[in-house]
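Structure, as structure tokens:
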Amino acid sequence: MAMAGVLHLWNEWEIQILVLVSFALQVFLLSFAWMRRRNISRALRIVIWLMYLLAEYTATYTLGHMSIGCKAGEHQQLMAFWAPFLLVHLGGQDTITAYTMEDSQLWLRHLLTFAVQALGAGYVLYKNIGGRRPLLAPAVVMYLVGVLKNAERVWALSFSRLEMIRRYLDSVSIKKKDGDYPGADCLQPQDDESVLQGAHDLLNICMGQFVDDKIWPSEFQRNAMEYFHGNEKTIKTFELIEMQLSLMYDIFYTKAAVIHTWYGRCFRAISLLGTAMAFFLFQFSAAGKGSYNRVDVAVTYMLVTGALILETASVVRAMGSTWTCATLRVRKWDWLHKLHVSLRRYVRIAQARRCFSLTPNQPSHQPDSQPAVFSSHARSAQPPATSQPNKVITSLRTKIVAFCANSSSMIVTGAKELVMEEMELVMLEIRRMVTECQGKEEMMWSYRGQCALEGRLDERLKDLTWSTSTEFDQSILAWHFATDKFLRLLKSKNVGGALVEATKTVSNYMLPSPVRPTLHLKARQQLQAEDTAGVLAPGYKLSKELEMLAEQNLELLPVVFGVWVEMLCYAAHHCSRESHARQLSSGGELITVVWLLTTAEFDRVYYKETNFKERKHGSVWNFLNFVDSTDFIKSVARLLIGLIKSVAILLIGLLCLPIYFCVFFSHYFCCNY
Numbered sequence: 001m002a003m004a005g006v007l008h009l010w011n012e013w014e015i016q017i018l019v020l021v022s023f024a025l026q027v028f029l030l031s032f033a034w035m036r037r038r039n040i041s042r043a044l045r046i047v048i049w050l051m052y053l054l055a056e057y058t059a060t061y062t063l064g065h066m067s068i069g070c071k072a073g074e075h076q077q078l079m080a081f082w083a084p085f086l087l088v089h090l091g092g093q094d095t096i097t098a099y100t101m102e103d104s105q106l107w108l109r110h111l112l113t114f115a116v117q118a119l120g121a122g123y124v125l126y127k128n129i130g131g132r133r134p135l136l137a138p139a140v141v142m143y144l145v146g147v148l149k150n151a152e153r154v155w156a157l158s159f160s161r162l163e164m165i166r167r168y169l170d171s172v173s174i175k176k177k178d179g180d181y182p183g184a185d186c187l188q189p190q191d192d193e194s195v196l197q198g199a200h201d202l203l204n205i206c207m208g209q210f211v212d213d214k215i216w217p218s219e220f221q222r223n224a225m226e227y228f229h230g231n232e233k234t235i236k237t238f239e240l241i242e243m244q245l246s247l248m249y250d251i252f253y254t255k256a257a258v259i260h261t262w263y264g265r266c267f268r269a270i271s272l273l274g275t276a277m278a279f280f281l282f283q284f285s286a287a288g289k290g291s292y293n294r295v296d297v298a299v300t301y302m303l304v305t306g307a308l309i310l311e312t313a314s315v316v317r318a319m320g321s322t323w324t325c326a327t328l329r330v331r332k333w334d335w336l337h338k339l340h341v342s343l344r345r346y347v348r349i350a351q352a353r354r355c356f357s358l359t360p361n362q363p364s365h366q367p368d369s370q371p372a373v374f375s376s377h378a379r380s381a382q383p384p385a386t387s388q389p390n391k392v393i394t395s396l397r398t399k400i401v402a403f404c405a406n407s408s409s410m411i412v413t414g415a416k417e418l419v420m421e422e423m424e425l426v427m428l429e430i431r432r433m434v435t436e437c438q439g440k441e442e443m444m445w446s447y448r449g450q451c452a453l454e455g456r457l458d459e460r461l462k463d464l465t466w467s468t469s470t471e472f473d474q475s476i477l478a479w480h481f482a483t484d485k486f487l488r489l490l491k492s493k494n495v496g497g498a499l500v501e502a503t504k505t506v507s508n509y510m511l512p513s514p515v516r517p518t519l520h521l522k523a524r525q526q527l528q529a530e531d532t533a534g535v536l537a538p539g540y541k542l543s544k545e546l547e548m549l550a551e552q553n554l555e556l557l558p559v560v561f562g563v564w565v566e567m568l569c570y571a572a573h574h575c576s577r578e579s580h581a582r583q584l585s586s587g588g589e590l591i592t593v594v595w596l597l598t599t600a601e602f603d604r605v606y607y608k609e610t611n612f613k614e615r616k617h618g619s620v621w622n623f624l625n626f627v628d629s630t631d632f633i634k635s636v637a638r639l640l641i642g643l644i645k646s647v648a649i650l651l652i653g654l655l656c657l658p659i660y661f662c663v664f665f666s667h668y669f670c671c672n673y
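Note that UniProt numbering numbers the sequence shown so that position 122 is 122, with each residue one more than the last.
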């Protein structure tokens with residue numbers, strides 16, 4: 001009986017439940033999809049993934065069910081009015097357009113799916129509302145809004161591919177005079193907003209890294225590179241790189257590259273106005289006069305009001321974003337840019353980008369001298385407790401910070417244990433590598449510890465080079481084993497400090513090789529085959545040699561740390577660019593930061609001597625201008641032409657089928673009779 005009651009309830013309210021579930025999924029994605037930038041737990045990541053898939057499947061299933069199951073009648077008219085809202089839901093939220101890089105590659109499939117969904121929603125409207133004036137106007141308006149939202153999503157998927165970024169970089173030409181590039185106000189005392197604007201100024205160079213294309217920096221960009229990558233800017237350098245990765249995440253996995261174009265702003269304005277118009281049209285329709293079921297009217301009000309709130313939230317988020325700030329500066333709307341920056345600084349949005357980069361269950365307070373990029377704590381944006389009105393203002397400001405920063409929070413790297421002093425040590429080792437390579441980039445990327453061992457004056461260190469000449473996996477295992485024993489030896493002698501902790505952190509980080517994730521699998525296979533000596537013998541031999549050198553009062557700790565940093569850089573370079581881009585959706589990794597940091601340092605030092613493939617430069621405004629509708633419309637047109645040809649061939653075949661059968665049977669009867 002209970003099961004029968006549940007089934008009866010489901011059959012009676014199925015559409016209403018599914019529509020509300022679809023809306024709830026959109027609210028969830030708007031609120032929590034931004035957390036993918038962070039190193040969140042696997043369980044939460046799986047939940048976001050399931051919600052992302054369910055959001056599309058639920059709306060699609062409901063549309064299909066409505067197109068088949070809905071019957072004409074007064075009761076069904078209001079339910080059919082929900083179809084355009086499902087189409088709006090299928091357009092997705094700004095915070096998540098693609099879950100993986102493969103989603104962008106399949107943008108044509110999304111286009112075909114959107115076409116079918118739009119036809120389904122149109123059929124539901126035609127079947128149940130066509131010719132009935134009260135709901136026709138708001139239904140048509142919301143249908144157009146849904147079409148725009150889906151077109152915006154497919155457009156964003158189309159542009160977020162690596163090949164489209166490469167085409168943008170190829171389209172940018174050189175200016176003879178670029179020293180007066182707008183944005184010189186970036187060269188002020190480095191607060192978080194200045195670093196964020198610097199990330200925008202150097203973003204096209206970061207783009208070039210992801211598509212293997214060297215970008216010739218402009219005069220202003222060279223000044224910015226020197227400023228942010230200078231000798232005393234280690235902390236800001238790491239923050240700059242992570243903010244650039246955050247912007248790259250926006251391009252790959254959100255609608256940022258589209259909604260901040262001229263077309264995107266028009267789409268967003270039309271969507272907001274259209275949703276508001278549909279709300280008022282429905283308010284003054286017969287639905288508000290008791291002509292329909294009260295539950296259906298309540299569901300409809302929830303959908304219309306919810307759509308208006310979500311659209312307003314998206315517009316506010318876009319207006320307060322760093323992309324808008326950068327565009328205003330490049331367009332030389334100085335007074336508006338200064339107002340925008342002042343508001344962002346007041347609510348501390350850029351600082352919140354770091355506060356929101358914490359791993360779960362970590363405190364959110366640290367001294368100002370210790371950045372949250374690699375540390376286990378973050379600076380708090382909360383002022384000291386004062387009067388009750390100030391507490392209310394502070395609470396409101398904190399909520400505004402969270403709301404505005406969620407869509408662009410900083411990418412989190414993997415080694416959260418590194419603190420300021422250790423970061424500086426990593427940076428110093430990278431600069432040593434860049435200096436030692438003498439402008440030969442391929443030589444720099446081939447170092448796996450050889451430079452740290454052979455570059456020292458002591459000849460005894462060269463006896464350890466055998467450990468860096470084996471397979472990379474074996475080198476990691478050997479050095480990890482030897483480093484662990486060596487650090488235990490130092491601990492027994494009460495030797496500690498930042499260098500010891502940095503060495504231990506990088507050694508542990510590199511143990512599961514980013515280049516070959518099957519490293520542990522191979523080791524387990526060897527151990528299961530009782531080949532323990534084959535796994536541990538090189539590490540044991542290396543540890544003995546390190547102990548012998550330590551007994552000779554040789555300063556080995558900087559050497560060991562240098563070897564690990566070189567291995568880290570080697571692994572970073574030999575990871576594919578696609579894997580670096582793919583990792584951004586999982587919170588980012590230290591190895592990606594090191595990859596960009598090493599290349600940026602090399603370009604800063606040797607940009608005059610480096611042979612760039614193509615000497616070009618651009619700006620954020622060039623990038624946003626490039627994301628126009630021309631290529632997208634051409635691709636859609638080619639697809640439609642192909643579909644028309646296929647349909648024409650199919651129709652011709654169907655028309656010729658009777659003729660074929662007539663000829664076949666006439667020939668058959670003639671031959672047999």
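Every residue, glycine too, gets a C-beta built ideally from N, C-alpha and C. Since this is a predicted model, take the numbers as computed values, not measurements.
May I ask you to report which of helix, strand or coil DSSP gives residue i?
i, result
"residue 450", "helix"
"residue 175", "For residue 175, the predicted model reports a pLDDT of 47, less than 50, meaning its position is unreliable and no value from the coordinates is stated."
"residue 81", "coil"
"residue 438", "coil"
"residue 575", "coil"
"residue 556", "coil"
"residue 508", "helix"
"residue 333", "coil"
"residue 10", "helix"
"residue 407", "Unreliable placement is indicated for residue 407, whose pLDDT of 42 sits below 50; no coordinate value is reported for it."
"residue 40", "coil"
"residue 64", "helix"
"residue 539", "helix"
"residue 431", "helix"
"residue 344", "helix"
"residue 495", "coil"
"residue 161", "coil"
Return the first residue and the last residue of the alpha helix (DSSP H) that residue i is part of.
i, result
"residue 219", "219-228"
"residue 200", "192-201"
"residue 258", "256-259"
"residue 481", "472-492"
"residue 313", "294-319"
"residue 328", "322-330"
"residue 127", "107-128"
"residue 262", "262-283"
"residue 603", "590-606"
According to DSSP, what are the bridge partners of residue i?
i, result
"residue 93", "96"
My assumption, with CB atoms under 8 Å, is that residue i sits in contact with residue j. Please give the rounded CB distance.
i, j, result
"residue 146", "residue 115", "Contact flag wrong, Cβ pair sits at about 13 Å."
"residue 556", "residue 546", "6 Å"
"residue 282", "residue 304", "6 Å"
"residue 83", "residue 125", "6 Å"
"residue 156", "residue 97", "5 Å"
Please return the same chain residues whose Cβ sits closer than 8 Å to the Cβ of residue i, not counting the five positions on each side in sequence.
i, result
"residue 510", "476, 480, 564, 567, 568 and 571"
"residue 584", "37, 245, 248, 249, 252, 253, 411 and 592"
"residue 24", "none"
"residue 100", "582 and 585"
"residue 463", "545"
"residue 503", "483, 487, 557, 560, 561 and 564"
"residue 78", "135, 287, 292, 293, 296, 297 and 300"
Spatial neighbours of residue i within its chain, please: CB distance less than 7 Å, with the 5 preceding and 5 following residues excluded, ordered by chain position.
i, result
"residue 421", "498"
"residue 166", "211 and 213"
"residue 278", "138, 141, 142 and 304"
"residue 450", "465 and 468"
"residue 341", "193 and 325"
"residue 315", "268 and 272"
Which residues in the same chain have their Cβ closer than 6 Å to the Cβ of residue i, if we skip the five residues on either side of it in sequence?
i, result
"residue 311", "271, 272 and 275"
"residue 478", "467, 538, 539 and 542"
I want to check one thing, is the minimum distance from the CB of residue i to the heavy atoms of the ligand ZN below 7 Å?
i, result
"residue 275", "Inclusion of the ligand ZN in the displayed structure is not the case, the ligand content being empty and no account of it being possible."
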